[in-house]
Amino acid sequence: MRKRIGVIGGGYAGFAAAVILAAAGRAVTVFEASRTLGGRARRVDAYGTTIDNGAHILLGAYRQTLALLRTVHGAGAEAELLDRRRLALEQPGVFHLRAAALPAPWHLAAALFTMRGVSPRDRLGAIAFARRLARSGYLCEPDLTVAALLVDSPPRVTELLWEPLCLAALNTPIETASAQVFLNVMRLAFARRVQDSDLLIPRVDLSTLFPDAAAAYIADHAGEIRAGETVRSVTAGADGITLVSDFVEHEFAAVVIAVGPHQAVRLLPASADATTRDALQAMTFEPIVTAYLKYPLALPFARPMLKLDGWPGQWAFDRGALGGPEGLAAVVISARTREAGMSNESLAQAIDAQLRRLWPELPTPEWVQVIAERRATYACVAGLTRPSPGMIAPWLYLAGDYTDSQLPATLEAATRSGVAAARALLHRLG
Ligand SMILES: Cc1cc2nc3c(=O)[nH]c(=O)nc-3n(C[C@H](O)[C@H](O)[C@H](O)COP(=O)(O)OP(=O)(O)OC[C@H]3O[C@@H](n4cnc5c(N)ncnc54)[C@H](O)[C@@H]3O)c2cc1C
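Numbering (our numbering), first residue to last: 267 to 696.
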């Protein structure tokens, strides 16, 4: 009897799907190729301490992710898991913006009106620009790029605010990034509730944050986690799905494929719909590099997350202020930039020099670890067609950050897609 449901991929999308299925009383088996759960948001061990494959931030508007955290950790766990602060962006000595304690959208208008580092005229220009976006309903032509959207924005505000935000949110340069997806993020963060634009920075590693607790929840609900087991092939039959993994053949009533787009294309059975296959094949990717530098003293950062100026680092996080070891900086470089060809060693040296320009008192780091995710996210380019989460062959469902039609590749897109695929499957099962 095929009763169990298989989920391929133990990232945020796969575990979101598995938790919803388990909560509905279905026995689930999750396959994850790696021994560490979390996929592109996972714990990494380095020099006797725990870091992540990349520094992640969440927004207050990540409703689906936050709801799943409550399901697997319990209702009151958010404060232990996440450092929540009102939106504040600071580039030391250059720029500062802080959302006001006012109802949306006035919190954004007040933030733009009081931002430091731009002229009064540019502040008014920025408010007018933001109002135009809101009046348009945050809608534009599907093939418009962020650079084209920003032609009306004061150039200094583009340089200090919108371009860094686009890189951080879409991991795609403004010249090619989708203006509509950028507007979707703006609407999500600024249009409804003031708390939606809060920045939530994990206090725990990214595997602990959700996948490990989700795995425990699934095990408590008659489920099974097969970590370190790669699925090699998927065959869709009329009454269920057969998977062949490294070790054995498995029979399932239904399967959710929740792997990255380049991995999904290899798993699709011949019966999967052609539009999905074409959309997966057309996707390209952008890297993210995170350099961890451990200094022997507490970092002199004014806040846990700072925008950096110059090159090569874009954002710096003080992990010590977020529950990690004292003196541990995480410096992030998003999207393809000129350091792509540099060795890890010279990149770490350049980042160390960049931090010392701002804080000359920093001593030599005790250790550095550079983690380059070559396919951190799909390139969120204007006009991109993406597959939807849901059924792609009888009893075979697709999930993954790239299937959410609204958001760029984010934890929230991943969890939304997993929940959508699981709900579609539950609906069919009746
Ligand atoms: C460095 C970095 C920084 C980021 N920063 C942010 C941020 O600040 N905020 C934010 O919201 N998002 C951020 N993201 C994006 C976010 O991490 C991803 O959108 C999200 O984790 C994708 O989840 P997913 O489950 O869709 O895919 P994945 O995490 O890729 O999960 C797929 C899983 O499937 C497994 N798998 C693949 N093939 C098989 C197979 N055949 N058999 C078994 N298992 C298989 C993989 O090992 C993987 O664990 C960042 C990403 C990176 C890399």
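Glycine included, C-beta positions come from ideal geometry on N, C-alpha and C. No experiment lies behind these values; they were computed from the predicted model shown.
H339, buried or exposed, once every other Cβ within 10 Å from all chains shown has been counted against 16: buried
Can you tell me which of A394, S402, L374 puts its alpha carbon nearest to the alpha carbon of D418? A394
Segments assigned beta strand (DSSP E), at least 3 residues, entirely inside the region 306 to 375: 309 to 312, 315 to 318, 348 to 351, 354 to 357, 361 to 364
First and last residue of the uninterrupted beta strand (DSSP E) at I393: That residue, I393, is in no beta strand (DSSP E); its alpha helix (DSSP H) goes 386 to 401.
DSSP three-state assignment for M452, whether helix, strand or coil: helix
Tell me the residue span of the alpha helix (DSSP H) that contains R532. 527 to 533
Just to confirm, is the Cβ distance from T331 to E639 under 7 angstroms? no
Checking 7 angstroms against the spacing of the C-beta atoms, do I617 and G586 come in under that value? no
Identify, in the order they occur along the chain, each residue of the same chain with its Cβ nearer than 7 angstroms to the Cβ of R389, setting aside the five sequence neighbours on each side. L378, F379, M381
Mapping the DSSP letters down to three states, classify Y663 as helix, strand or coil. strand
How about L613 and R622: are their beta carbons less than 7 angstroms apart? no
Check: Q461 C-beta below 6 angstroms from any heavy atom of ligand 1: no
Can you tell me which of T669, D575, A375, M549 puts its alpha carbon nearest to the alpha carbon of A429? Reading the sequence as shown, one finds Glu at residue 429 and not Ala. Among T669, D575, A375, M549, the Cα nearest to that of E429 is on D575.
Between the CA atoms of A688 and I467 - distance to the nearest angstrom: 27 angstroms
Contained alpha helix (DSSP H) runs [length at least 4] in the region 491 to 572, N- to C-terminal order: 527 to 533, 540 to 547
Endpoints, the beta strand (DSSP E) within which Y644 is located: 633 to 644
Just curious, the alpha helix (DSSP H) that V294 is in, first and last residue? Note, V294: premise wrong, no alpha helix (DSSP H); beta strand (DSSP E) at 294 to 298.
Beta carbon of I271, beta carbon of V296: below 7 angstroms? no
Tell me where the beta strand (DSSP E) around F583 begins and ends. 581 to 584
Buried or exposed, going by whether 16 or more other CB atoms sit within 10 Å of the CB of E495? buried
Nearest-angstrom Cβ-Cβ length linking A545 and G280, presumed shorter than 8 angstroms: A545 to G280, Cβ: 20 angstroms. No contact.
Any heavy atom of ligand 1 closer than 6 angstroms to the beta-carbon of F297? yes
Have a look at L324, H322, A659 and flag the residue whose alpha-carbon is nearest the alpha-carbon of V522. A659
Tell me where the alpha helix (DSSP H) around L415 begins and ends. 412 to 415
Just the C-alpha distance for A414 and A482, rounded to the nearest angstrom, thanks. 47 angstroms
Who are the Cβ neighbours of L515 in its own chain at under 8 angstroms, not counting the five residues just before and after it? Checking the sequence, you will find Glu at residue 515 rather than Leu. Excluding sequence neighbours, E515 sits near T508, L509.
What residues are listed by DSSP as bridge partners for M657? Y663
Are the region 435 to 446 and the region 362 to 372 touching by the rule of at least three beta carbon pairs closer than 8 angstroms? no
Heavy atom of ligand 1 within 6 angstroms of A642 beta-carbon: yes
Quick check on the burial criterion: 16 or more other C-beta atoms within 10 angstroms. Buried or exposed for A686? buried
Look up G272 in the DSSP assignment and give the residues it is bridged to. T295, V521
Considering only heavy atoms of ligand 1, does any lie closer than 6 angstroms to the CB of S499? no
I703 - partner residues in DSSP beta bridges: This structure cannot speak to residue 703, because the chain is shown only from 267 to 696.
From the DSSP output, read off the bridge partner residues of P468. L348
Output yes or no for whether 7 angstroms exceeds the beta carbon distance between P562 and G607. no
CB-CB under 7 angstroms to L472, same chain, minus the five flanking residues each way: which ones, in chain order? G304, A307, R308, R309, D318, H322
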